[in-house]
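**Student:**
Protein chains: 2
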Amino acid sequence: MDQHISQRNLPLLLTKARETIISQFRPILKHYGLTEQQWRGLRGLFEEGRGEPCYLCECCEILSPSMTGILKRLGEMGLISREPMQGDKRRVLISLTTKSEQLSREIIPLVQHQYHLIEQAWGPDLISQIYNDIESLIERSNVKVKPVQLPVRST
Amino acid sequence: MDQHISQRNLPLLLTKARETIISQFRPILKHYGLTEQQWRGLRGLFEEGRGEPCYLCECCEILSPSMTGILKRLGEMGLISREPMQGDKRRVLISLTTKSEQLSREIIPLVQHQYHLIEQAWGPDLISQIYNDIESLIERSNVKVKPVQLPVRST
DNA sequence: ATATGATCGCTAACATGTTAGTTTGTCAGC
DNA sequence: GCTGACAAACTAACATGTTAGCGATCATAT
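Here the protein sequences line up with chains A and V, keeping their order. Converting from the first sequence to the working numbering requires adding 721 to each position, the first position being numbered 1. Converting from the second sequence to the working numbering requires adding 721 to each position, the first position being numbered 1.
1) In three-state terms, what does DSSP make of Gly-799/A?
2) Determine, using beta carbons only, whether Leu-763/A and Ser-821/A come nearer to each other than 8 Å.
3) Do we get a CB-CB distance below 8 Å when we pair Thr-736/V with the residues of chain A?
4) Quick one: what does DSSP say Arg-771/A is sitting in, helix, strand or coil?
5) Spatial neighbours of Met-806/V within its chain, please: CB distance less than 8 Å, with the 5 preceding and 5 following residues excluded, ordered by chain position.
6) How far does the beta strand (DSSP E) with Leu-814/A in it extend, from its first residue to its last?
7) Determine the chain V residues that contact Ser-821/A at a beta-carbon separation under 7 Å, and present them in chain order.
8) Please report whether the beta-carbon of Glu-779/A lies at a distance below 8 Å from any beta-carbon of chain V.
9) Quick one, which of Leu-795/A, Lys-865/A, Asp-854/A has its alpha-carbon nearest Leu-731/V's?
10) With three or more beta-carbon pairs closer than 8 Å as the criterion, would you say the region 826-837 of chain A touches the region 843-859 of chain V?
11) Given Gln-745/V, which residues of its chain have a CB within under 7 Å of its CB, disregarding the five upstream and five downstream residues?
12) Can you list, in chain order, the residues of its chain whose CB lies under 8 Å from that of Leu-800/A, leaving out five sequence neighbours each side?
13) With DSSP as the reference, label Glu-757/V as helix, strand or coil.
14) Cα-Cα, which of Ser-857/V, Ile-828/V, Leu-734/V, Leu-858/V is closest to Gly-754/V?
15) Quick one: is Arg-729/A near chain V, going by C-beta distance under 8 Å?
16) Does the beta-carbon of Arg-739/A have 16 or more other beta-carbons within 10 angstroms, so that it is buried, or is it exposed?
17) Which same chain residues end up closer than 6 Å to Ile-749/A when comparing Cβ atoms and leaving out the 5 residues on each side of it in sequence?
18) Among the residues of its own chain, which have a CB less than 6 Å from the CB of Ser-727/A, if the five just before and after it don't count?
19) Examine the ligand FMN and report whether any of its heavy atoms sits within less than 7 Å of the Cβ of Lys-751/V.
20) Could you check whether Cys-781/V and Pro-765/V sit closer than 8 Å to each other, using their CB atoms as the reference points?
21) If you measure between the beta carbons of Trp-843/V and Arg-794/A, is that distance less than 8 Å?
22) State yes or no: is the beta carbon of Trp-760/V nearer than 8 Å to at least one beta carbon in chain A?
23) Evaluate Leu-734/A with the Cβ neighbour count: other Cβ atoms within 10 Å of its Cβ, from every protein chain shown; 16 or more gives buried, anything less gives exposed.
24) So with Cβ pairs under 8 Å, would you call Ile-726/A a contact of chain V?
25) For Glu-782/A, does the three-state DSSP call read helix, strand or coil?
26) Hey, Leu-858/V and Ile-743/A: beta-carbon distance below 8 Å or not?
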């Protein structure tokens with residue numbers, strides 16, 4: 722008896738897990754009129770002080786074309802400022818504004834607290850185990866996987 | 722010394738994990754001109770034979786408005802057919818076509834094989850442990866989490 | 001029979017994901 | 001000084017995610 726296919730659908734399972742978690746935080750972000758990705762960007766900047774778009778793309782797992790729009794809207798909201806980099810005219814440096822720095826200081830404790838409530842409800846052990854597993858997975862993904870050979874398409 | 726914030730960003734971590742996995746399968750889907758979500762839909766139908774849009778939404782973790790577009794495009798590609806349901810004029814029944822059934826039979830072994838290659842490269846134990854943990858998480862998410870209290874917005 | 005509320009699939013509006021390709025600027029080598 | 005390879009940010013085009021709400025249909029109680 723072969724396994725049910727959905728048991729071997731890891732991307733879908735990870736999507737569901739992510740939705741399970743993020744839905745606990747969505748009300749907080751909505752309360753402050755931020756999308757998930759906008760908050761990811763602000764949070765990344767809050768950690769580092771400031772950074773270039775391509776750095777933000779990496780640490781937020783957002784592709785460059787998406788980041789362009791996100792930064793544009795954050796700019797229109799007055800939540801980031803941008804200064805051209807001296808020495809390399811291709812690059813830009815993105816910073817938080819006073820407004821967004823204060824906003825971040827307000828949101829972060831709420832997020833941490835909600836996080837704590839999740840651990841209380843679902844058990845801190847499971848959560849920390851998932852952390853470890855996922856981090857192991859991401860580390861191990863440095864090992865290159867052989868791609869399956871694709872047949873020639875008939876139709 | 723407090724933990725680095727990104728260590729407590731579970732949604733982002735899950736996103737990265739998912740990207741890590743799905744990137745191994747993307748070439749297969751691209752080879753057949755399918756998007757990730759289109760394949761998720763076809764696969765769901767292949768498992769069940771046929772089903773209503775709202776069922777597909779659940780099992781594919783896709784929201785209804787997205788599913789509308791996905792089914793529309795799958796229809797234009799000749800990969801699904803739809804018949805109105807007798808007895809309830811609101812509902813529709815979606816089925817695979819001969820074309821998409823054959824397509825699925827061609828893709829599924831490739832996906833399974835790629836999956837096997839991933840396990841070979843990264844170790845089957847880690848993968849199966851992630852399965853178990855994530856499934857535990859999803860089960861445990863039935864336990865309702867108390868939402869953090871949101872302060873009144875000043876600005 | 002009728003009002004009421006619920007459900008299904010949908011549209012609308014906007015934000016983001018994804019791929020391909022463009023523009024401008026940097027740098028190494030000649 | 002010029003050329004070619006490369007890199008950063010961007011645009012374009014399309015697919016999907018997200019929230020709100022609509023219209024038709026069904027179920028139920030009255």
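Virtual Cβ for every residue (Gly too), placed ideally from N, Cα, C. Here the structure is a predicted model, which means the values were calculated and not measured.
**Tutor:** According to the structure data:
1) Note: Gly-799/A maps to coil in three-state DSSP.
2) Result yes, Cβ atoms of Leu-763/A and Ser-821/A sit closer than 8 Å.
3) Taking Cβ atoms only, chain A reaches closer than 8 Å to Thr-736/V, which makes this a yes.
4) The three-state secondary structure of Arg-771/A, taken from DSSP, is strand.
5) Excluding positions up to five away in sequence, the list reads Glu-773, Arg-812, Val-813, Leu-814.
6) Per DSSP, Leu-814/A belongs to the beta strand (DSSP E) from 813-817.
7) Correct list: empty, because the minimum Cβ distance to chain V is about 11 Å.
8) Closer than 8 Å: no.
9) When only C-alpha atoms are compared, the closest one is Asp-854/A.
10) Inter-segment contact for the region 826-837 of chain A and the region 843-859 of chain V is absent: fewer than three beta-carbon pairs are separated by less than 8 Å.
11) Here the set comprises Gln-835, Ile-839.
12) So the qualifying residues of the chain are Gln-759, Leu-763, Leu-817, Thr-818, Lys-820, Ser-821, Leu-824.
13) Three-state DSSP puts Glu-757/V in a helix.
14) For the set Ser-857/V, Ile-828/V, Leu-734/V, Leu-858/V, the Cα lying nearest the Cα of Gly-754/V is the one of Ile-828/V.
15) Yes, Arg-729/A counts as interfacial toward chain V.
16) Taking a 10 Å sphere around the C-beta of Arg-739/A, we find 16 or more other C-beta atoms and assign the residue as buried.
17) These residues qualify, in order along the chain: Leu-831.
18) Here the model assigns Ser-727/A a pLDDT of 46, short of 50, so the residue's position is not dependable, and the following value carries that caveat. Nothing listed; no residue qualifies.
19) Absence of the ligand FMN from the depicted structure is noted, as is the absence of any ligand whatsoever, leaving it without description.
20) A small correction: the amino acid at residue 765/V is Gly; Pro does not occupy that position in the sequence shown. Here Gly-765/V is near Cys-781/V, since their CB atoms are less than 8 Å apart.
21) The answer is no: Cβ separation not under 8 Å.
22) In terms of beta-carbon proximity, Trp-760/V stays away from the interface with chain A, with every pair separated by 8 Å or more.
23) The residue is buried, with at least 16 neighbouring Cβ atoms inside 10 Å.
24) Interpretation of Ile-726/A is limited by its pLDDT of 43, a score under 50 that renders its predicted location unreliable; the figure taken from the coordinates is listed afterwards. Yes - at least one Cβ of chain V is within 8 Å of the one on Ile-726/A.
25) If DSSP states are grouped into helix, strand and coil, Glu-782/A belongs with coil.
26) Cβ atoms of Leu-858/V and Ile-743/A: not closer than 8 Å.
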